[in-house]
């Protein structure tokens with residue numbers, strides 16, 4: 197992946213949506229395919245909270261990406277046809293500038309001196325990147341999970357920068373249940389003594405907090421139905437100590453928590469998590485109560501949800517679909533019966549391949 | 197309430213379901229109404245994890261109980277007609293013997309020396325209590341939440357001790373999602389430095405662990421729909437420090453966590469929580485795969501679930517209903533559209549009053 201990673205330099209004095217600025221910021225990004233002559237075939241993928249720019253492999257010897265089945269030659273997001281861009285989010289810890297990057301003024305990591313981060317900042321810097329690549333207008337913007345809200349932030353702040361939208365497992369704002377989950381994740385990290393107001397190091401990593409945060413998150417990524425199939429009651433272990441790991445689901449949570457703990461920077465996690473809870477498309481309504489998407493010039497949209505998604509329940513996709521129709525966009529709403537809950541877009545390849553492939557093909561006509 | 201609290205002495209050498217025994221154990225219990233001459237009007241209420249014996253007030257000056265709207269003169273569980281018994285669960289910290297009670301052999305609290313507690317133990321000691329009151333057979337056993345599983349434990353171990361069953365917001369076993377929630381609650385308590393392997397005191401209480409456990413639990417008690425109505429996005433606060441309480445749902449979680457922290461004993465919580473995850477009615481099937489309730493002599497049952505219950509989803513009530521019909525019990529399944537999730541039986545008074553009232557009236561014919 198490393199040799200395909202590209203760097204975009206954000207202009208100095210980049211102003212954040214909620215105030216504050218940074219100098220010398222960068223976005224790490226990757227591209228697939230070629231921009232055509234009139235620059236009309238660009239698709240921007242905006243990612244979920246913990247994903248990076250590596251959506252798919254660039255060559256056979258490359259490592260697989262987080263949306264490998266979706267992006268590539270002949271795949272639903274066909275890189276023979278489309279010029280695909282995916283950046284690591286501003287504020288993340290996957291190559292782009294974030295709270296754990298060095299502040300050029302001090303040489304030390306920003307930590308809590310990093311400006312308050314909003315999804316609008318992730319969207320705005322992604323637009324700057326695309327413009328730097330010569331893209332005057334995106335054919336489409338594609339966002340699963342946090343990326344779906346970031347896509348709306350993009351459209352609300354750049355109403356005619358994309359003609360089409362694929363919005364997956366997301367909504368116009370986080371419902372209180374999702375905010376509660378994320379609030380407890382943040383609390384688990386902040387509580388860890390090793391977090392130390394952001395002054396942790398590799399040797400004093402807030403492991404327990406990160407693990408616990410991941411476990412809480414895991415409650416919301418799949419569904420009760422999928423877990424019923426995955427964890428037979430008969431597989432109980434004899435725990436090593438009283439109240440040690442005994443139930444199959446406990447081993448699963450522990451395994452995923454251990455995998456995650458050093459994969460993401462704790463303070464970046466806090467910033468991105470809060471940005472999700474801050475985002476509220478409804479706040480763009482002027483006057484309050486009118487359709488907040490009023491100014492958005494979108495030709496069409498595909499809005500996908502899964503019946504089993506606890507984090508972004510289908511009522512949110514219905515709400516967005518309704519608002520899109522109201523502004524005259526040709527919106528199509530699909531609620532899948534995927535049992536994988538919020539993660540369905542990563543796992544239920546058969547359903548999502550067809551939906552995205554068909555929609556993109558039609559959008560190109 | 198105190199002057200209505202009665203004490204039953206469990207016979208010495210009481211043997212626990214998983215092994216181990218205690219001497220000098222007691223159950224704290226309350227009764228309402230009068231047992232009739234042929235002892236045929238007794239109803240036993242088995243409680244949820246954190247409830248006590250005080251289901252309802254005994255006089256106007258008494259404090260309200262946890263199921264006040266349901267139990268009393270002229271109410272759905274009409275104490276003019278029924279002799280109602282409710283005990284604090286064995287292992288709990290509400291008057292009955294549990295891990296925080298003194299071990300008569302040492303004079304010190306049992307802590308982890310308390311035998312492994314199962315719902316079977318709660319059920320078996322409740323039956324001993326009822327027998328001591330002269331009840332040869334219960335008219336009915338009523339169990340919401342954990343109490344619903346305890347009621348099944350009672351029937352499986354005393355197949356003809358109850359003629360009727362009201363089973364609410366529960367199931368034949370905990371689904372993995374519920375076990376995961378409870379596992380994280382236990383982990384939060386065990387992680388708290390003050391927990392100290394059970395050697396905490398009032399002055400060194402594992403407050404943080406208990407608060408966090410309660411917050412995790414709160415995720416599962418209501419529903420996303422109810423929370424959408426309860427927490428308007430516009431009510432955000434300015435937090436006192438970065439990542440402090442800001443979103444309405446965060447204030448709600450904090451408030452309930454603070455209320456709970458000293459209301460329940462941490463080690464009792466661990467024991468009861470694990471007992472819920474251990475319970476598995478399916479394990480009673482002989483041979484494996486047959487109907488585990490085969491031996492149960494139940495005339496009828498009312499099985500109630502709520503569409504929005506995350507902790508005991510409706511598939512569990514459907515499963516139980518199916519098994520009850522198969523053994524020839526007249527089972528009635530009601531799935532309510534209550535938006536209050538798992539807590540519906542405590543909050544949706546109108547739906548639950550009618551259901552329980554109608555069922556009990558018919559059962560008396």
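Residue numbers (the numbering used here), protein chains in the order written: chain A, 197 to 561; chain B, 197 to 561. Cβ atoms here follow ideal geometry from the backbone N, Cα and C, with glycine treated the same way.
What residue range does the beta strand (DSSP E) around residue i cover?
i	result
residue 561 (chain A)	Neither: residue 561 (chain A) is in no beta strand (DSSP E) and is coded neither H nor E.
residue 340 (chain B)	334-340
residue 510 (chain A)	Not the beta strand (DSSP E): residue 510 (chain A) falls in the alpha helix (DSSP H), residues 510-522.
residue 486 (chain B)	No beta strand (DSSP E) contains residue 486 (chain B), which DSSP labels as neither H nor E.
residue 501 (chain B)	496-502
residue 527 (chain B)	526-532
residue 423 (chain A)	That residue, residue 423 (chain A), is in no beta strand (DSSP E); its alpha helix (DSSP H) goes 420-426.
residue 223 (chain A)	222-228
residue 202 (chain A)	202-205
residue 238 (chain B)	238-241
Please confirm whether residue i has its beta-carbon closer than 8 Å to some beta-carbon of chain A.
i	result
residue 423 (chain B)	yes
residue 531 (chain B)	no
residue 473 (chain B)	yes
residue 445 (chain B)	yes
residue 362 (chain B)	no
residue 478 (chain B)	yes
residue 355 (chain B)	no
residue 439 (chain B)	yes
residue 264 (chain B)	no
residue 515 (chain B)	no
residue 372 (chain B)	yes
Could you tell me whether the Cβ of residue i comes closer than 8 Å to any Cβ of chain B?
i	result
residue 460 (chain A)	no
residue 317 (chain A)	no
residue 427 (chain A)	yes
residue 375 (chain A)	yes
residue 379 (chain A)	yes
residue 482 (chain A)	no
residue 522 (chain A)	no
residue 431 (chain A)	no
residue 309 (chain A)	no
residue 466 (chain A)	yes
residue 295 (chain A)	no
Just to confirm, is the Cβ distance from residue i to residue j under 8 Å?
i	j	result
residue 510 (chain A)	residue 531 (chain A)	yes
residue 224 (chain A)	residue 201 (chain A)	yes
residue 476 (chain B)	residue 378 (chain B)	no
residue 547 (chain A)	residue 296 (chain A)	no
residue 346 (chain B)	residue 380 (chain B)	no
residue 267 (chain B)	residue 227 (chain B)	no
residue 361 (chain A)	residue 351 (chain A)	yes
residue 238 (chain B)	residue 364 (chain B)	no
residue 564 (chain A)	residue 500 (chain A)	Since the first residue shown for chain A is 197 and the last is 561, residue 564 (chain A) is missing from the structure and cannot be characterised.
residue 545 (chain A)	residue 265 (chain A)	yes
residue 494 (chain A)	residue 410 (chain A)	no
residue 413 (chain A)	residue 385 (chain A)	no
residue 174 (chain B)	residue 376 (chain A)	Given a span of 197 to 561 for chain B in the structure shown, any question on residue 174 (chain B) remains unanswerable.
residue 537 (chain B)	residue 419 (chain B)	yes
residue 340 (chain B)	residue 492 (chain B)	no
residue 394 (chain A)	residue 460 (chain A)	no
residue 367 (chain A)	residue 515 (chain A)	yes
residue 349 (chain A)	residue 369 (chain A)	no
residue 528 (chain A)	residue 487 (chain A)	no
residue 388 (chain A)	residue 402 (chain A)	yes
residue 334 (chain B)	residue 306 (chain B)	no
Quick one: measure Cβ to Cβ for residue i and residue j, integer angstroms, because I've assumed they're closer than 8 Å.
i	j	result
residue 283 (chain A)	residue 328 (chain A)	Not quite, the Cβ-Cβ distance comes to about 11 Å (not below 8 Å), so this is no contact.
residue 467 (chain B)	residue 287 (chain B)	5 Å
residue 520 (chain A)	residue 497 (chain A)	5 Å
residue 252 (chain B)	residue 261 (chain B)	4 Å
residue 278 (chain B)	residue 229 (chain B)	5 Å
residue 455 (chain B)	residue 311 (chain B)	About 31 Å separates the two Cβ atoms, so there is no contact after all.
The alpha helix (DSSP H) with residue i in it runs from where to where?
i	result
residue 318 (chain A)	315-328
residue 279 (chain A)	Run containing residue 279 (chain A): none in the alpha helix (DSSP H); it sits in the beta strand (DSSP E), 279-283.
residue 412 (chain A)	403-417
The ligand GTP and residue i: does any heavy atom of the ligand fall closer than 7 Å to the residue's C-beta?
i	result
residue 215 (chain A)	Summarising the ligand content, the structure contains no ligands, and the ligand GTP is consequently not present.
Using a Cβ cut-off of 8 Å (strictly closer), state whether residue i contacts chain D.
i	result
residue 369 (chain A)	Structure shown: chain D not included; protein chains present are A and B.
Which runs of the alpha helix (DSSP H) spanning at least 4 residues fall entirely within the segment 354-392 of chain A, listed in chain order?
-> 372-387
Where are the alpha helix (DSSP H) runs, 4 residues long or more, that stay fully inside the segment 431-492 of chain B, in chain order?
-> 444-456, 462-474
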